[in-house]
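Data first, discussion second: the structure below is written as structure tokens.
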Amino acid sequence: MRPHDNRAWFLVLPALTLLGLVGALPLLAVVNYGFHDIFTLSDVFWVGPQWFADILQSDRFLASLGRSLLFSLLALGIQVPLGIGVALLLLTYGKRAVLGLVLVALPLVVPWNMIPTFWLGLVQPQTGLLGPGLAAIGFDWKFTGWHTWALILVMDTWHWLGLVVVLAYAGLSAIPPAYMQAAAIDGASRWAVFRYIQLPRIGGVLAIVFLLRFVDSFMIYTEAFAINAGGPDDATRFLTLELGEEIKGFSYGQAAARATLYFLIVLAVVWAFVAATREREG
Amino acid sequence: MRYLGVLALAGFILLPLVQAILLSFTATLPTDSLTEGTLGLMNYRNVLAAPELRAAMLNSLIYVVLNVALCIVIGLPAAYALARYRFVGDRHFLLMILVFRVTPPVVLSLPIFILFSQFGLVNSPVGIALVHCLFNLPVAIWVLESFIRAVPREFDETAFLDGHSGASFFFRHLIPQIAPGIGVAAFFCFIFSWVEVVFARILTVTGGKPITMAIQAMFSFQTDIGMVMAMTCLSLIPGVAMIWFVRHHLARGFTLRA
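First to last, the protein sequences are chains A and B. Under the working numbering, the first residue of the first sequence carries the number 1288, and numbering increases by one thereafter. Under the working numbering, the first residue of the second sequence carries the number 24, and numbering increases by one thereafter.
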């Protein structure tokens, strides 16, 4: 067991100071702005919780919230099982699995604003590598809502699958071989090995994957906006698009109130998740 | 069946990259001497000849190196404390770094801009390096903590018995022991920082633009998409090199501690 020693705080202090400066301070500022009407930085009026009430009562907010939650759900539902599957597949290759990890990690180093450009180029009906084929079967991401959704989901999966695979592979390869040997002697099925040995042992890794993928998909902006600017007919209008519009329209008070709300939603999900994790661990 | 899976995976991952690389070697805007569709290195020549693009590469390198260095230097002591001791509020600290890791950048972009402009950190790579610590420092702490925890405590005690002080223990014993962990932490910090656009955009209004924003600026009424792709492909090189350096240690990853 680790000894109790409060002098350890001195080692944590630099990290705490830096995070306070770039995290806590701006966060307090954003909450404060949310209660004000801001014309210029010297022209600020107290409006109380008015922006919050406006946002929470608007139908657009609720519709966007629903779309963002659905998108996160679909992204997690596709990427986590697929990532575990790929990690299991790579695991059967022994040492050569490293090459697979390098391959799936490639999209992680592509600048985010270029990822939609890559995919739009790919599905471009005349010049894209996939374009003519997709156009022939009637794929139209510009005017058919669920086609836009599909394109954004495929793009997001391409972008982030590597993170899920790398972390899942890390968890899986850390399982002591003795566990697998014991299961083999017992004649356990492939599914039983996965369900009762591998899955429980990669819980810690999956927790971080779930949280990182949840916030990044829930707050997707750069990629989703570039594909179809929230269209067609608001079908891919996610929460962040509204925030972006308010910032571009210089409505800083409203934008800050909205940002505070988004932060609270993310915080609630994280807190529920951590509470559940702690309870399971006892 | 297995080969089919690997093949499908490779196709899925490589297809967009292949198209980008092909385009980067193709002339996409006709000029006096070249017709559209000619293959060659002209896009790369144009990129390297443009001073603002060269400056962008330098800016990106400066801020990413600075950010990774900051995260490691500040993260290492914190990771050591969390791996070796219990202290009042340690779980709260872990919860706090998790919360900062998952705070959406777009939420903080406005006050960060106002705060940083008061300190003269706008339009400079230093500002970006500092603000990226918000999501990279937690990751660095998680990775380093898991590597330090894997080193048995007796290792520390032996070094102290041999008469090593805190600092010399850190540099002469602990750091060589967890070198792969530092590599992995640097890798994860790099991938989240190199490609980030929200903070990079808001903090570089008129100058100090990193690669991502320089690429953005290349889109215009008549975009030379071949040149854009050449710039993008060049921007992938440090990332690919980074992946290659840590490939054998990547599989250690990091887990959630909260």
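The C-beta atom is built at its ideal place from N, Cα and C for all residues, glycine as well.
Q: Could you pull the start and end residues of the beta strand (DSSP E) that H1434 of chain A belongs to?
A: Run containing H1434 of chain A: none in the beta strand (DSSP E); it sits in the alpha helix (DSSP H), G1432 to S1460.
Q.
Mapping the DSSP letters down to three states, classify D247 of chain B as helix, strand or coil.
A. coil
Q) What separation, rounded to the nearest whole angstrom, lies between the Cα atoms of I1495 of chain A and F1537 of chain A? A) 35 Å
Q.
Rounding to the nearest angstrom, what Cα-Cα distance links D1443 of chain A and A1362 of chain A in this structure?
A. 8 Å
(Q) Just checking: is the beta-carbon of N1515 of chain A within a distance shorter than 8 Å of some beta-carbon in chain B? (A) no
Q | Status (buried if at least 16 other CB within 10 Å, exposed otherwise) for I260 of chain B | A | exposed
Q | Assumed close pair G98 of chain B, L160 of chain B - CB separation to whole angstroms, cut-off 8 Å | A | 6 Å
**Q.** From B:L117, B:T229, B:D247 and B:V70, residue whose alpha carbon lies closest to that of T54 of chain B
**A.** B:D247
Q: Measure the alpha-carbon distance for A101 of chain B versus I120 of chain B and round it to whole angstroms.
A: 11 Å
(Q) So if DSSP puts F170 of chain B in a beta bridge, which residue, or which two residues, is it bridged to? (A) Looking at the DSSP assignment, F170 of chain B forms no beta bridge with any residue, so it has no partner.
Q: Could you please tell me which residues of the region 220 to 251 of chain B, in chain order, have their CB closer than 8 Å to any CB of chain A?
A: V220, V221, I234, T235, I238, Q239, I248 and V251
Q. Buried or exposed: N1293 of chain A, going by 16 or more other Cβ atoms within 10 Å of its Cβ?
A. exposed
Q: With 8 Å as the threshold, decide whether the Cβ of P100 of chain B is near any Cβ in chain A.
A: yes
Q: Going by CA-CA distance only, name the one from A:F1430, A:P1487 and A:V1397 that's closest to R1567 of chain A.
A: A:P1487
Q) At a CB-CB cut-off below 8 Å, which residues of chain B make contact with F1322 of chain A? A) Going along chain B, no residue has its Cβ under 8 Å from F1322 of chain A, so there is no contact; the nearest lies around 14 Å.
Q.
List, in chain order, every chain B residue whose beta-carbon is nearer than 7 Å to that of D1292 of chain A.
A. Y108 and F110
Q) Residues in its own chain within less than 6 Å of G112 of chain B by CB, not counting five upstream and five downstream? A) none
Q. Closest by CA to F1640 of chain A, which one among B:N66, B:R109 and B:G28?
A. There is no way to answer for residue 1640 of chain A, as the model of chain A reaches only from 1288 to 1569.
Q. Between which two residues does the alpha helix (DSSP H) harbouring W217 of chain B extend?
A. A202 to W217
Q) So the alpha helix (DSSP H) D113 of chain B belongs to, where does it begin and stop? A) D113 to V125
(Q) For V174 of chain B and Q200 of chain B, what's the separation of their Cα atoms in angstroms? (A) 8 Å
Q: Note down, in chain order, every chain C residue with its Cβ under 8 Å from the Cβ of M1467 of chain A.
A: Note that chain C does not occur in the displayed structure, where the protein chains are A and B.
Q | Secondary structure, beta strand (DSSP E): runs of 3+ residues fully inside the region 1329 to 1413 of chain A | A | 1330 to 1333
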